[in-house]
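Beneath this line is the structure, given in structure tokens, with notes to follow.
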């Protein structure tokens, strides 16, 4: 065995290199942004995949919010029943002290994305400020609305939640919205359809960045039957949605 | 309109009655138990469905753990890469001060279920103590192993994680383990296969308890294509699993 071969496993300790394999395109540092009334599965569908991926690839995850207080899925439903159901997640960093080495940013959706200004101004500003140094950006559900407001998606093909499609479109008329899509990959940006679609979008991201063998192994371990066709979207059909006419 | 009709919506405020509809079999109070190194999707797949259900039906959720300290998905992988990926959830109650009106208990799985005694003794004891007053018990993945240890599943048909099938079987030889199953309903107990199967199992629970219209509406809102056949399980085939021979 040659010296360089004995040193191969050590490559794993260097940021940006994959475990036991030199490939600097695979990212090390992931972050997710949270806001009050985020949708739980928007966050934990993709993160469960990352949690498992981190057992074979070195990954770091930063959980970002305005403060370090736990962030809750709870949202008030004045017209709804008298329920008390919520889960609270602990951030690891605030936007102000976020690490500057984030390579992949995950933006979830949920009822909270509809909060009127200035509730999400800090989130939108953080996405806008951070995007230029990101390798990849991933949105789930109505999270695409926060990114659309930054201008990052101007002229870019993107999708979002289908039940809230009208709201999604209203966030920007410069985005090339695609109605019939489980997810859309446009360059280094993945946007997914509503909630559960974050799983299929994240598996497609893993397939693209880490390879089909890695994505398939993860899906088998997590007992998930992936949707492999980004165009497969029964929900756009259910709501009879079509792409808006894009101004040229 | 008759007086009783005008009072119908008020029924929603009474525990055990469904929103706007008198049906005392539908539960109000749900709980999930957490332990270190739980699997995120085991918890948040089913809970995301409950979060959404709580917008039309009155529901309470208790998040139970040994202490009120946030509980982390993190697990040490001494042989794995140098990763730092985890999410921490805030419990609402400890086992010692848990409300005594829990009607539905959710037991997730994850690497943490393999912790050697006495790490999970309090969890197993709580499940055993609480089961007699539950309406329904739901397990995801290796969570079934904690329940199997209580004896509650003796003589009961049940399933669990397929990659960890040998470990599942080792938790009790008195359970009638079913290898080929996305989930198994046995009386008031739902046990599901690994991780992502918690989604299909929970939708089946909702379909059974709240009705197909409620389950379908939720799945459409959450953009999820449910597996409706409990016997559909490509992962038991992948691992070439068969049911153990049960002692009579």
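Residue numbers (the numbering used here), protein chains in the order written: chain A, 2 to 249; chain B, 2 to 249.
We put the beta carbon where it would ideally sit given N, CA and C, even for glycine.
Could you tell me whether any Cβ in chain B is nearer than 7 angstroms to the Cβ of residue 225 of chain A? As a first step, residue 225 of chain A must be located in the first chain, where it is residue number 224. Judged by the 7 angstroms Cβ criterion, residue 225 of chain A is in contact with chain B.
Residue 127 of chain A and residue 96 of chain A look like a contact to me (Cβ under 8 angstroms); what is the Cβ gap, rounded to whole Å? Here residue 127 of chain A corresponds to residue number 126 of the first chain, with the count starting at 1. Here residue 96 of chain A corresponds to residue number 95 of the first chain, with the count starting at 1. 5 angstroms between Cβ atoms; contact.
Are the Cβ atoms of residue 180 of chain A and residue 237 of chain A separated by less than 7 angstroms? Along the first chain, read from residue 1 onward, the residue named residue 180 of chain A stands at position 179. Along the first chain, read from residue 1 onward, the residue named residue 237 of chain A stands at position 236. For residue 180 of chain A and residue 237 of chain A, yes; Cβs fall inside 7 angstroms.
Please report the distance separating the alpha-carbon of residue 192 of chain B from that of residue 56 of chain A. Start at 1 with the first residue of the second chain, and residue 192 of chain B comes out as number 191. Start at 1 with the first residue of the first chain, and residue 56 of chain A comes out as number 55. Distance between the alpha carbons of residue 192 of chain B and residue 56 of chain A is about 26 angstroms.
Report yes if the CB atom of residue 34 of chain A is closer than 7 angstroms to the CB atom of residue 105 of chain A, and no otherwise. Counted from its first residue, the first chain places residue 34 of chain A at position 33. Counted from its first residue, the first chain places residue 105 of chain A at position 104. Going by C-beta atoms, residue 34 of chain A is not nearer than 7 angstroms to residue 105 of chain A.
Evaluate the contact criterion for the stretch 113-131 of chain A versus the stretch 143-158 of chain A: three or more CB pairs, one atom per stretch, below 8 angstroms. yes
Three or more C-beta pairs closer than 8 angstroms, one from the stretch 182-200 of chain B and one from the stretch 46-54 of chain B: is that the case here? yes
Give the interface partners of residue 59 of chain A over in chain B, defined as CB-CB distance under 7 angstroms, in chain order. By one-based count along the first chain, residue 59 of chain A stands at place 58. The answer, in chain order, is 82, 83 and 84.
How long is the line joining the alpha carbons of residue 69 of chain B and residue 155 of chain A, rounded to whole angstroms? Here residue 69 of chain B refers to the residue found at position 68 when the second chain is read from its first residue. Here residue 155 of chain A refers to the residue found at position 154 when the first chain is read from its first residue. Distance between the alpha carbons of residue 69 of chain B and residue 155 of chain A: 45 angstroms.
For the stretch 90-110 of chain B, which residues have a beta carbon sitting closer than 7 angstroms to at least one beta carbon of chain A? Within the stretch 90-110 of chain B, the residues whose Cβ lies closer than 7 angstroms to some Cβ of chain A are 90 and 91, listed in chain order.
With a 10 Å radius around its C-beta and 16 neighbouring C-beta atoms as the bar for buried, classify residue 146 of chain B as buried or exposed. Here residue 146 of chain B is taken as the residue at index 145 of the second chain, counted from 1. Classification for residue 146 of chain B: buried.
What residues from chain A crowd round residue 74 of chain B, counting only those whose CB sits closer than 8 angstroms? Taking the second chain and counting its residues from 1, the one referred to as residue 74 of chain B is at position 73. 52, listed in chain order.
Can you give me the Cβ contacts of residue 87 of chain B inside the same chain, cut-off strictly under 7 angstroms, excluding the 5 residues immediately before and after it? For the purposes of this step, residue 87 of chain B is taken as residue 86 along the second chain, with counting starting at 1. Taken in chain order, the residues that qualify are 73, 74 and 75.
Who are the neighbours of residue 136 of chain A on chain B, taking C-beta pairs under 8 angstroms? The residue labelled residue 136 of chain A in the question sits at position 135 within the first chain. By Cβ distance, chain B contributes nothing, its closest Cβ being about 17 angstroms from residue 136 of chain A, past 8 angstroms.
Quick one, which of A:203, A:207, A:241 and A:211 has its alpha-carbon nearest residue 42 of chain A's? Here the question's residue 42 of chain A lines up with position 41 in the first chain. Comparing C-alpha distances from residue 42 of chain A to each of A:203, A:207, A:241 and A:211 shows the shortest one belongs to A:203.
Residue 233 of chain B by DSSP, collapsed to three states: which one? Mapped onto the second chain, residue 233 of chain B falls at position 232. Coil, per DSSP.
Who are the near neighbours of residue 94 of chain A in its chain, counting only those whose CB is closer than 6 angstroms to its CB and skipping five residues on each side? The residue labelled residue 94 of chain A in the question sits at position 93 within the first chain. Only residues of its own chain outside the window of five on either side were considered, and among them 63 and 65 have a CB closer than 6 angstroms to the CB of residue 94 of chain A, listed in chain order.
Go ahead and label residue 171 of chain B buried or exposed: buried means 16 or more other beta carbons lie within 10 angstroms of its beta carbon, across all protein chains shown. In the second chain, residue 171 of chain B corresponds to position 170, counting from 1. Burial call: exposed.
Proximal residues to residue 195 of chain A (C-beta, below 6 angstroms), its chain only, five neighbours per side dropped: Counted from its first residue, the first chain places residue 195 of chain A at position 194. Result list for residue 195 of chain A: 142, 162 and 163, in chain order.
Own chain partners of residue 92 of chain B with C-beta closer than 7 angstroms, once the 5 adjacent residues on each side are dropped: Indexing the second chain from 1 puts residue 92 of chain B at position 91. Cβ within range, chain order: 35, 64, 65, 66, 69 and 72.
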